[in-house]
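Here's the structure, in structure tokens; my notes come after.
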Amino acid sequence: ENYRKAAAAQIKTVNPDATEDEIEDAISSGQAERIFQQKTVERREQAKLAYSYVQNKHREIIKIEKSLMELHQLFVDMASLVQEQSEMISNIEHNVQSSKAHTQEAVKELRTANRYHRKFCM
46 ENYRKAAAAQ IKTVNPDATE DEIEDAISSG QAERIFQQKT VERREQAKLA
96 YSYVQNKHRE IIKIEKSLME LHQLFVDMAS LVQEQSEMIS NIEHNVQSSK
146 AHTQEAVKEL RTANRYHRKF CM
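Quick note: the sequence shown uses my numbering, first residue 46, plus one each step.
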């Protein structure tokens with residue numbers, strides 16, 4: 046009787062949908078232990094496959110995380126370069142404006158010199 050209860054519990058553990066008739070057939074044919082072992086091995090294999098799948102996904106997520114960190118660093122570097130370039134462009138713009146003003150002043154001075162040259166040398 047204890048064997049029947051233990052065997053029925055084992056069968057229900059590995060096959061919760063088993064009917065009373067299926068459980069009785071397995072016990073009376075002496076297949077209860079084999080069914081339990083077979084189902085246990087099948088579940089162990091399924092668990093191994095699931096674990097392997099989860100490990101692979103974890104590795105892929107780690108790769109994605111690393112790629113995102115590298116991408117973040119690229120954006121940080123780019124922002125730094127843009128800031129540096131902005132300062133240089135501002136300096137260049139200032140120098141161009143200054144050169145323009147000096148050139149305009151030089152043109153005025155040359156015109157004045159040209160007028161004096163014509164007036165006194167001719």
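Ideal Cβ placement from N, Cα and C applies to all residues, glycine included.
Note the first and the last residue of the continuous alpha helix (DSSP H) segment covering ALA63. Neither: ALA63 is in no alpha helix (DSSP H) and is coded neither H nor E.
Counting C-beta neighbours from all protein chains within 10 Å, is the total for ALA54 16 or more, i.e. buried, or is it exposed? exposed
Local Cβ density within 10 Å of ILE134, reported as buried at 16 or more and exposed below that: exposed
With DSSP run on the structure shown, which of helix, strand or coil describes GLU150? helix
Enumerate, from N- to C-terminal direction, the unbroken beta strand (DSSP E) stretches of 3 or more residues contained entirely within the segment 66-150. none
Contact the segment 46-62 vs the segment 70-78: 3+ CB pairs below 8 Å: yes
ASN60 and LYS84 look like a contact to me (Cβ under 8 Å); what is the Cβ gap, rounded to whole Å? 6 Å
Quick one: using the 10 Å Cβ neighbour count with 16 as the cut-off for buried, is ILE106 buried or exposed? exposed
Is there a C-beta anywhere in chain D that falls below 8 Å from the one on LYS102? Looking for chain D here will not work: only one protein chain is present.
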